[in-house]
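Visitor:
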Amino acid sequence: HIAHDSIIEDHVIFSNNATVAGHVRVKSWAILSGGVSIHQFCMIGEHAFVGGHSGANKDIPPFIMAIGAPAKPFAYNTEGMKRRGFSSNEIKEVKLIYKILYRSNMTLSSARNDIERMAETSDIAKTFSVFLSQTTRGIIR
3 HIAHDSIIED
13 HVIFSNNATV
23 AGHVRVKSWA
33 ILSGGVSIHQ
43 FCMIGEHAFV
53 GGHSGANKDI
63 PPFIMAIGAP
73 AKPFAYNTEG
83 MKRRGFSSNE
93 IKEVKLIYKI
103 LYRSNMTLSS
113 ARNDIERMAE
123 TSDIAKTFSV
133 FLSQTTRGII
143 R
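Heads up, this note's numbering is the position in the sequence shown plus 2, with the first residue counted as 1.
Structural data, given as structure tokens:
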């Protein structure tokens, strides 16, 4: 089910019974597994993966794998990136950003500052930086 005023970008995969409420934005190449529910006004980032029977009530950043109800970060989408032709350096950048966001014990504000600095020279970091600047519900943590 895709509710009113939602935006689904290109190459998104919805498995059986995946549901998005109104005003949700699902960015390109995201995957929503079976039975996933996304709360209204949430945003799912590029190349994100939401595991089966999960429920997201906050935004899920690009390249992040999320699972649970409420959804929590599980890992970064290494396999999806390999399948789509990302280089090993790009995957390493996502790994570093994942560590900054989820393993460093930094505040979200501090993590965003570090990622913004990285975005000056990295397209991957820029993808995260733009996403973090657009979030209105906060991100899963």
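Glycine included, C-beta positions come from ideal geometry on N, C-alpha and C.
Report the option in Asn59, Ile117, Thr129 whose CA atom is closest to the CA atom of Thr138.
Guide: Residue numbering aside, residue 138 sits at position 136 when the sequence shown is read from its first letter. Ranking the options by Cα distance to Thr138, first place goes to Asn59.
Visitor: So the candidates are Phe133, Lys97, Asp125; which of them puts its Cα closest to the Cα of Arg114?
Guide: Indexing the sequence shown from 1 puts residue 114 at position 112. Arg114 has its Cα closest to that of Phe133, out of Phe133, Lys97, Asp125.
Visitor: Tell me the start and end of each unbroken alpha helix (DSSP H) in the segment 21–73 that is at least 4 residues and wholly inside, in chain order.
Guide: With a minimum length of 4 residues, no continuous alpha helix (DSSP H) run stays inside the segment 21–73.
Visitor: Using a Cβ-Cβ cutoff of less than 6 Å, which residues in the same chain neighbour Ile102 once the five nearest sequence positions on both sides are dropped?
Guide: Counted from its first residue, the sequence shown places residue 102 at position 100. Taken in chain order, the residues that qualify are Ala113, Asp116.
Visitor: Between which two residues does the alpha helix (DSSP H) holding Asp7 run?
Guide: Along the sequence shown, one-based indexing puts residue 7 at 5. Premise fails: Asp7 is in no alpha helix (DSSP H) and is neither H nor E.
Visitor: Can you check DSSP and say which residues form a bridge with Ile15?
Guide: Here residue 15 refers to the residue found at position 13 of the sequence shown. The partner list for Ile15 (beta bridge, DSSP) reads Ile33.
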